[in-house]
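Chemist: Got a structure here, written out as structure tokens. Questions coming.
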Amino acid sequence: IEVDARELERKRELGRGAYGVVEEMIHRPTGMIFAVKRIHSSINDESQKLMSTELKAMKSGSCEQMVRFFGAMFREGDVWICMEVMDVSLDKFYRMNVDHHRRLPEPFIAKVALAVIDGLNFMKEQMGLMHRDVKPSNILLNKQGAVKICDFGISGHLTNSIAKTINAGCKPYMPPERIEGELKDAYGVQADVWSLGITLVEISTGTHPYDRWKTPFEQLKQVVREPSPQVDRRFGYSDEFHDFIAQCLIKNSNNRPKYAQLLEHPFLVKAKNNTSFDMGEFITSVLREEIKEEKFLQNLNMNGE
Ligand code: ADP
Ligand code: MG
Numbered sequence: 044i045e046v047d048a049r050e051l052e053r054k055r056e057l058g059r060g061a062y063g064v065v066e067e068m069i070h071r072p073t074g075m076i077f078a079v080k081r082i083h084s085s086i087n088d089e090s091q092k093l094m095s096t097e098l099k100a101m102k103s104g105s106c107e108q109m110v111r112f113f114g115a116m117f118r119e120g121d122v123w124i125c126m127e128v129m130d131v132s133l134d135k136f137y138r139m140n141v142d143h144h145r146r147l148p149e150p151f152i153a154k155v156a157l158a159v160i161d162g163l164n165f166m167k168e169q170m171g172l173m174h175r176d177v178k179p180s181n182i183l184l185n186k187q188g189a190v191k192i193c194d195f196g197i198s199g200h201l202t203n204s205i206a207k208t209i210n211a212g213c214k215p216y217m218p219p220e221r222i223e224g225e226l227k228d229a230y231g232v233q234a235d236v237w238s239l240g241i242t243l244v245e246i247s248t249g250t251h252p253y254d255r256w257k258t259p260f261e262q263l264k265q266v267v268r269e270p271s272p273q274v275d276r277r278f279g280y281s282d283e284f285h286d287f288i289a290q291c292l293i294k295n296s297n298n299r300p301k302y303a304q305l306l307e308h309p310f311l312v313k314a315k316n317n318t319s320f321d322m323g324e325f326i327t328s329v330l331r332e333e334i335k336e337e338k339f340l341q342n343l344n345m346n347g348e
């Protein structure tokens, strides 16, 4: 379908990022619901064209581990990206568990890792594209148990990512080779593997591994100089889990495994064969609890007034 921005009516805000807002909108002619990301960005015609081409590629070829993409519109320099609505992003989801002093169960983390690797592998093999911005907020979940990646290839077009990290005060998910290298082309798919490793450490420990350092510049220095982050053994995760993370976080990108190799890792093989853990049920139960709590707090507020 062709979507015209004038036919979209906003319903509610889904989230906010450093570069814009994501809103749930209804397409009046069809009644379809979209998540629309509006990016304030005065990008030039040339990168607009390039971005259109890449986004079109995403429209044609997609897999179940990618958030469905319906099209992009350019409005006075603003970019509107229309995609499928999901129930929650992984950053918000893991924080709900931290709030309740719970750790995410290993089968959940393993299935997330498997979906992300499957999705990234598909995009690399079929489209020749890498993601460049793998992090918890770009991994989305729904109550049916789906795990999908979003914001594919968008970040690269906006601004130089290192500048972005420093300016936006983002936490570093980028690998040592990308911080040290000056050229955008100087890094490959293994960069996304590193970012996934950092993401897995973050969701399993409940904090970003580099967040104790004050300035973003200091954080980037840590990525390059310090040994790779690890997950505390006392958290009770399996040996395969720890080894998988260690593989993703091999500092020298030449030695870091690629997707084919990772897909054979016992951690992912186990995830693939695990039919007893119900993702949909787990995600639904965490979200349900969250809603209950929100209502409870709302009531407290009202009674307290
Ligand atoms: P970031 O990824 O840096 O957080 P974004 O602008 O990409 O910033 O997204 C902002 C937030 O909007 C995300 O953290 C997520 O919670 C939410 N979001 C993005 N896309 C969707 C979607 N398709 N469905 C539901 N929520 C979404
Ligand atoms: Mg995002």
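Under UniProt numbering, the first residue of the sequence shown is numbered 44, with each subsequent residue one higher. C-beta: ideal position from N, C-alpha, C; glycine also. Only a predicted model underlies this, so the values are computations on that prediction, with no experimental measurement involved.
#1: Which of the three DSSP states, helix, strand or coil, is assigned to His70?
#2: I'd like the ranges of any alpha helix (DSSP H) spanning at least 4 consecutive residues and lying wholly in the segment 278-346.
#3: Does the Cβ of Leu57 lie closer than 7 Å to at least one heavy atom of the ligand ADP?
#4: So if DSSP puts Glu269 in a beta bridge, which residue, or which two residues, is it bridged to?
#5: Below 8 Å on the Cβ atoms is my guess for Val236 versus Val274; work out the distance and round it to an integer in Å.
#6: What separation, rounded to the nearest whole angstrom, lies between the Cα atoms of Arg111 and Ser132?
#7: Relative to the C-alpha of Met68, which candidate in Ala61, Arg59, Arg55 has its C-alpha closest?
#8: Could you tell me whether the Cβ atoms of Lys267 and Glu223 are closer together than 8 Å?
#9: Tell me where the alpha helix (DSSP H) around Glu149 begins and ends.
#10: Nearest to Glu168 by CA position, among Lys335, Cys125, Ala303, is which residue?
#11: Which of helix, strand or coil does DSSP assign to Glu52?
#12: Out of Gly58, Phe113, Gly60, Gln108, point me to the one whose CA is closest to Val46's CA.
#13: Whole angstroms is fine: what's the gap from Ala314's alpha carbon to Met345's?
#14: Using a Cβ-based criterion (distance less than 7 Å to any ligand heavy atom), does residue 28 qualify as near the ligand MG?
#15: At the level of alpha carbons, what is the spacing between Arg175 and Asn342?
#16: Given Pro72, which residues of its chain have a CB within under 6 Å of its CB, disregarding the five upstream and five downstream residues?
#17: Looking only at DSSP bridge pairs, what is Phe117 linked to?
#18: In terms of DSSP beta bridges, what is Ala78 paired with?
#19: CB-CB under 6 Å to Tyr216, same chain, minus the five flanking residues each way: which ones, in chain order?
#20: Specify the secondary structure class of Phe195 as computed by DSSP and reduced to three states.
#21: With a 10 Å radius around its C-beta and 16 neighbouring C-beta atoms as the bar for buried, classify Asn298 as buried or exposed.
#22: Give a yes or no on whether the C-beta atoms belonging to Asp321 and Gly188 are separated by under 8 Å.
#23: What is the rounded straight-line gap between the Cα of Glu332 and the Cα of Arg277?
Modeler: On the basis of the coordinates in this document:
#1: strand
#2: 282-291, 302-306, 309-316
#3: yes
#4: Answer by DSSP bridge pairing: none, since Glu269 is not bridged.
#5: Their Cβ separation, rounded to whole angstroms, is 17 Å, which puts Val236 and Val274 out of contact at 8 Å.
#6: 15 Å
#7: Arg55
#8: For the record, residue 267 in the displayed sequence is Val; it is not Lys. Yes.
#9: 149-165
#10: Ala303
#11: strand
#12: Phe113
#13: 45 Å
#14: Missing from the structure shown is residue 28; the chain here goes from 44 to 348 and no further.
#15: 43 Å
#16: Glu50
#17: Val122
#18: Glu67, Met126
#19: Lys178, Ser238, Ile241
#20: coil
#21: exposed
#22: yes
#23: 27 Å
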